[in-house]
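First residue of the sequence shown: 0, per numbering that gives the first Met the number 0; consecutive thereafter. To start, the structure itself, in C-alpha cells.
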Amino acid sequence: MRSRSNSGVRLDYYQRIVHRLIMAHQEPVTGLFPASKNNSHAWIRDNVYCILAVWGLSMAYKKIADQDEDRAKCYELEQSCVKLMRGLLMAMMNQKDKVERFKMTQNPLDSLHAKYSSKNGQPVVGDGEWGHLQIDAVSLYLLILAQMTASGLQIVFSLDEVSFIQNLVFYIESAYCIPDYGIWERGDKTNHGEPELNASSIGMAKAALEAMNELDLFGARGGPASVIHVLADEAHKCQAVLQSMLPRESNSKELDSGLLCVIGFPAFAADDPQLIRNTKDAILSRLQGKYGCKRFLRDGYRTPKEDPTRLYYERWELRMFENIECEWPLFFCYLILFHSFQNDKLSVKEYADRLEKIMVRSEDGTLLIPESYAVPIDLVPNEYQHPGSQPREVVGRCPFLWGQSLFILGRLLQEGFLAVGELDPLNRRLGAQKKPDVVVQVVIIAEDNEIRDKLTEHDLHVQTIAEVAPIEVQPARVLSHLYTYLGRNRKLGLTGRKSRDVGILSTSKLYSLKDRIFAFTPQNIDYEEYYTTRDPDLLASNFTTNLAFLTNNWRHMLGRPTITLMATHYMLDQDKIPLAMIQTMRKLKSGYINGTRVMLSNLKDFLNTSAITDLSFLGSTEDGYPDRLHPDVQAYLDEHLLRSFSHRGMMKLHGGHLRPRQLRRRMSCKGAIKKTRSINVDSDNLGMEGPTPLIERRLSSVVPPPWLQSNKANNISVFDTTPEEGPPNLVIDPLIRENIYPIDPHHNRSAIERRIQAIPKILVQRHRTDTNFADTEVEELIAMLRETENLEEQGDILQYLVDTQGLDFNTAGLGLKNKDSGMLEEGRVVTVRDLLKGLYEKACQQKLWGLVRHTAGMLGKRVEDLAKAVTDLLVRQKQVTVGMPPNNEYTITAPLPELELRQLIHDTYGDDESTAMLTQELMVYLAMFIRTEPQLFHEMLRLRVGLIIQVMAKELSRTLNCDGEAASEHLLNLSPFEMKNLLYHILSGKEFAVSSVARGNLSIVSCKSSRVSKKSQIGLGEQEGDDAIIATIDDRQGQWLRRRRLDGALNRVPRDFYSRVWSVLEKCQGLAIEGRILQQSLTQEMTPGELKFALEVETALNQIPQPEYRQLVVEALMVLTLMTEHNMVPSLGGIIYVEHLVHKANQLFLEDQRKVQGDAMLCCAKSKEGKDQQAASGMLLCGGAAYICQHLYDSAPSGSYGTMTYMARAVALVLDCVPKHGEMECVIS
C-alpha cells in the first residue's frame, strides 16, 4: 500500500472511531440510531446530532481525496448522512395528517412525535403518553437539512417531499407563540406535563426558517418548483421574542445550558453580540461545574434525591435538588464549538483540557463522553455545604452519542481538518456582524389623476395606478391569499399555508409571476373596517415607524426594501390632502426621515435595486403544467385586479336635509351615550370607593336614570353626584354604577348582578307616567333624528333606540308626519344599524372621535390585528388585564382567538362601548411600542389597560385643570394619533402639555421642563365647609405623587425587585399584602429569577387598587430587602404585614409634620387623633388614597423627610427582630 500523509493517517483514525462508536449503531433498514442497546427508540434530536460527526468527517475526506479509497470513504460517509435524514423524513411523512391538523389546532396532541421506532420508523408511544410537541427537534432537522443540502448532499428526491418540507416550515413558523415541551422534553420543570414557551425552541425555529428561505432542495439541479418559501416576518417574530427572552429559557427555567445551541453552533440565532455574551456568561457563572454544566437550576433528573418511581416532582421538593444537579460534559463540547467559531483558541484549549479530565477511557483506549455526572448518595450532605467540592460518578449512557458526535466535530476543527465555514455553508455564523445601513425605497402612487394633481400642487410628483403599468399594485390581502397556495399537495392531503398574516417585511418586496410584476401595499393600511385608518396623523406616524422597523430588521435578503403607498380619496380631509401626509412626503423627498435613509421615486426606477421574489409555486405543477397558472389563482387574480382599489361611496343619513316645519322639539335623549361611560377619575384613589356609599347607592337606585329626566338635569355630572349632595330625584343608573364603583367584597357577586338586571325593568314601567316619554313613541324620536343636524344628538337618540328597540329595528317610514313627502323608499328596510353606520361615516369625516369610538363599539367593529397585538405582548412575557380595577379586571395570560378576545373585553366593560373600543385601541398601541421600543416596558410584568385608561384621564384632568367627567370626555375625544401620543408620554414618564387645536381637538405636546401647566389641582374638588382646601400650587408639587401614580398604574418595579423579595421571603414566614399572603414555601418551589415567582408577587400587589399606594408598598418591600442584603438580622420572624409598615411610616410622617408645621398641618396632621380629618365621604381631606396623607405620597424617596427614611424607621419599630436598644451598624447603600 502507498504511504499515507500524516493527515490521511490521522483522518483514518477518526474514521475508525466514527465507524465503531456511531455508524455501527445505525439501523440498516431505516438508517436511524436507537437510543441505546436496550432501547430501540430513535429521537429526532439525538439522531440529527449523532450524524453531524459523520457529515463533518465526510467533508474532511473530500478535501484530501487524492486516492480512490478516500473518495469511496467520503461517499460512504455522505450516504450514511442521507440515509439517516431520509429515515427521519419517512417517519415524519407517515404522520402527514398530524402536520395538517397541527397547522389549524396547534394542539400538543396533534404534534409530530418526538421519537420513532429505529426498526421501522413507526410511532412507539401514544399521542398523549409523551411530551411530543418539541418544536426545537423539528426545527433542528430542517436547519441541518438546509446546511447539508447547501454543502452538496442530495437528501430530498421528489416534489411531494418538497411539499411536505414546505408544510414542516408552516408547522414551526408560529413557534414564537406555541408553548412546547422543549429540548429536555419536560415543559415546566416540575415535570407535570405543562408545556411552556421555550427560548431554545424559538431560537432553533428562527434559525430553521432563515436557513430554509429560498433554498432549492434539489441543490444545483433544481428548478423553481423545488424552492422553499418562508415569509420573512415569521422569522422576525421568532427573533423579536427570542431577543426579549434571553438569557431566560422559560417561565419556570430562568436559565438553561441548552441555550448554548441557540447562541452558537448549530443555530446562531441571536444577532446581538452583547446578548450572546450575556447569555453565555450567565450560563458559565451559574451552571458550570467541574464535570460540565447543569442543564438548569434545581434539575432533579438522575440526582440521588430523585424518586425514580414517579415521573413528576412535588413542588416543595425542588429545593432539595439545589446544588446537587447532575453536570453534563455535553455542554463543554458545545463551548468548544462556540469558541472555535469565535476563533478564540485559548478558550478552546481550556475547555478541551477540562473535557479530557472527565472523559472515560474504554478498554481499547478510546476517549468516551459520558451522559452526566451525579453526586454519590453518601456525599450529598457535604456537597450541600460546599457546592462543587465532592467527586462525582458517571450516570447514564456512556458513550453518549449526542456529546460524542459534537466532541469529534470539535477535534476535527482543532486539528484543522475542517474550517468553520464548512460546518456552516449557509454562513449563519455571520449574523451577528455589523451590516451597512439599509436604504428604504418609497413609492407613492395616486389613485387617479385628481389626487395626482392635488399632490403636484405641493411639488410632489407621483404616478397614478394607470401610469405604473405593467407593474400591478395590490393590497396585502391579495398576497396573503396567493400564499395559501404554497405547499398544497393533493396526494399527501396537505392544504398549504393557513395563517392569513403578511407583515411589512413581506410586502416590502416586489413579486414576479411569469412575466408580471406585483407590488403590494402594507397590510396595516389596507382600508378595511377600522377607524384608526381615518386619522392621517396616525397613518403618518405608523408609516415612519414602519420605515425604522425595516431599517433595523431587513436581514438575509438580497436587494432593498420597497414600501408602496397609495394616495386615495379615502385619505382626503374635506377634499384636501391632510397636512400630516404632506409633511411626511416632504421629509421623504429630503432623503432622511427620523434617522432612516429613504429614497422616494417611481416604481420602475427601483426594479433593479429591490428584493424580488418569484411566485413560481402558483403553477399547476401537480397537473403537469408547471408553466401555467393554477386555474383558481387565475380566476382570483382576474376578478381581483378589477376591484381592489375602487373607492367606496359614503352612506348618507336619510332625510337629514329635509326638515318638516311642523315638528317641534318635544323632548331630548341628551346624555344617552354619556351614561354608558365607566372611566372613574374624580375619586382621588383610582378604582376605589369606600364600601358604605356603595350600599346607599344600591338602595336608592330605583329612580329613573338621568337621561330619562327632563332637560334641566342634564348638566349634573354622572360622576360627581353622591346621594347625600345630589338632587333627591336623581340617581345614577345601576348599570353604570356596576362599572364605576367597586362591588362590596362581602356581597355575593351573582346576587348583585341579579338585582341589577331586575332593577331597570321595574324602573321604566313604574315611572313611565312621570317621564316625558309617556306620550313620546319611537316615531317622534325618529322624526327628531331626521330633523337634527347635530351628530352628538343623533348619537344619543340612536343609543336610546338601540337600548330599547335593538340594532335590527326597522325605522323605514317612521317619524314622517306627511306620508307623501316621497321620503319613504319603496320597500326599503332601514334598520337602526344602517342609521348608525351612516352616523359612523359622518363622525369619521368630521373627526368627532368620541362619537366614532362609541358608534364603532355599538356596530361591533373590531380593531385590526387585536389578537396579534395581544400575542405580541404575551410572548414578550407581559400579561395583560382588561376592565376597571379592582372588581372587573380580567387577566389574559395566553393568546386568545379574535372573537373570544372581543367578547371578553365587551363583557368586562358592560355597556360602556367607548371604553371597550378604547381598550382595544390601546392594546394595539402597546403592541406597537413593545415591538419598536421594548425598553419602555422594562421591569413591568402586567399591563393593566383599565388602570392605564384611568391614569390617562387623571393626567388630562391634572393638565387641563378640569373635573373628572370633563377629562374622560376629552380622553375619549382624542384623535387616535393623540391617544397614542398620550400613551407614549405616560409609558415614558415624560412631562407633557396639552394645546388645543381647531375644532376642539386636543394635541399632546412634549415639554422639556416639568413646569408646564399653570396650576395643578390637588384635592377632591368641590367640598363644603371651611376646611375645604383646594390647593393650587406650583407644579413641582404633585410631581412625586404623579410619578408614583404612573409607576403604580404601569406596575413598574425597581430592578431585580422580584428576586430581592425572594430573599426577604426566605428569612420570614410570609409577606401579607392586601389580604394575600405570599408563603415562605414559594422559595422551595421557585428560584429567585423565575418568572413564575415574579407573577406570584405581582398578583399580590395587584390586589391594591390605588396605584400610588401600591408604589409605597413596593418601597416598603425594598427597605426590607436592604435589611436582608446587609444581613442585619438572621431572621425577620413571622408573617410581615407590609401595609402596617406603610401606615406606621405615615404616622411617623404626620408626627414630624406637626413638629415642623409642615404642609400636612392643613389636612391630616391637624389634630392628634386624626379622626375629624375625614370629609363627609369617609375619605381623607387631602384626598390621599388608603388613608395615607397626600403629602407623604408627594415626598421624594430620599432625604431626611423622604419616604424611605420613614419606611426604615417603621421597619425598626414594627418588626420584633430588630433590636430596640444598643447601637447598630447603619450603612445606607
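Built from N, CA and C at the ideal position, the CB exists for glycine as well.
Best match in the options for proximity to residue i [C-alpha to C-alpha]
i: F861; options: E899, L847, V831 and T870; result: Reading off the sequence shown, one finds Arg at residue 861, where the question assumed Phe. Of the candidates E899, L847, V831 and T870, the one whose C-alpha sits nearest the C-alpha of R861 is E899.
i: T914; options: R1044, L800 and K674; result: K674
i: D536; options: A811, T830 and M584; result: M584
i: A1211; options: M1127, L216 and K61; result: M1127
i: L1116; options: E1138, P1104 and R285; result: E1138
i: Y140; options: A266, N250, I576 and P27; result: A266
i: V439; options: P398, I470, L564 and R427; result: L564
i: H853; options: S6, P122, G486 and L838; result: L838
i: S404; options: G794, V123, I50 and A475; result: I50
i: M84; options: Y591, Y569, L274 and A136; result: A136
6 Å Cβ shell around residue i - same chain, five flanking residues per side excluded
i: N545; result: I503
i: W553; result: V437 and P560
i: L286; result: S256, C292 and K293
i: L970; result: M951, A952 and L955
i: S150; result: P424
i: P1196; result: T1202 and M1203
i: P577; result: P535
Helix, strand or coil at residue i according to DSSP, with G and I counted as helix
i: M319; result: helix
i: D626; result: strand
i: W183; result: coil
i: K867; result: helix
i: S200; result: helix
i: D732; result: Because D732 carries a pLDDT of 38, less than 50, the predicted location of this residue cannot be relied on, and the following value inherits that uncertainty. D732: coil per DSSP, three-state reduction.
i: H40; result: strand
i: R70; result: helix
i: N771; result: For N771, the pLDDT reaches just 48, beneath the cut-off of 50, and the residue's location in the model is therefore unreliable, although a value from the coordinates is still provided. DSSP places N771 in coil when its eight states are reduced to three.
i: P469; result: coil
i: N488; result: strand
i: R496; result: coil
Residue environment, residue i, which counts as buried when at least 16 other CB atoms sit within 10 Å
i: G257; result: buried
i: M147; result: buried
i: L1154; result: The sequence shown places Lys at residue 1154, not Leu. The residue is exposed, with fewer than 16 neighbouring Cβ atoms inside 10 Å.
i: H131; result: buried
i: N38; result: exposed
i: P1104; result: buried
i: F156; result: exposed
i: Y889; result: exposed
i: K490; result: exposed
i: D819; result: With a pLDDT of 41 at D819, under the threshold of 50, the modelled position of this residue cannot be trusted, and the question is left open.
i: N1101; result: buried
i: Y482; result: buried
i: T278; result: buried
i: S199; result: buried
i: T29; result: buried
i: G963; result: buried
8 Å CB neighbourhood of residue i in its chain, flanking five on each side removed
i: I611; result: K508, L509, Y510, S511, I516 and G558
i: R832; result: L806, D807 and L858
Own chain partners of residue i with C-beta closer than 7 Å, once the 5 adjacent residues on each side are dropped
i: Y312; result: T189, N190 and G299
i: Q1081; result: The sequence shown places Leu at residue 1081, not Gln. Hits under 7 Å: L1064, F1092 and E1095.
i: G402; result: P328, L329, C332 and I368
i: D126; result: L108
i: M927; result: T544
Is it the case that the stretch 318-326 contacts the stretch 377-397, given that we only count it when at least three CB pairs across the two stretches are under 8 Å?
yes
Does the stretch 577-596 come within contact of the stretch 462-477, defined as at least 3 CB pairs closer than 8 Å?
no
Below 8 Å, can you find three or more Cβ-Cβ pairs linking the stretch 208-226 to the stretch 247-255?
no
Contact between the stretch 1131-1148 and the stretch 1058-1074 is defined here as three or more beta-carbon pairs at a separation below 8 Å; is this criterion met?
yes
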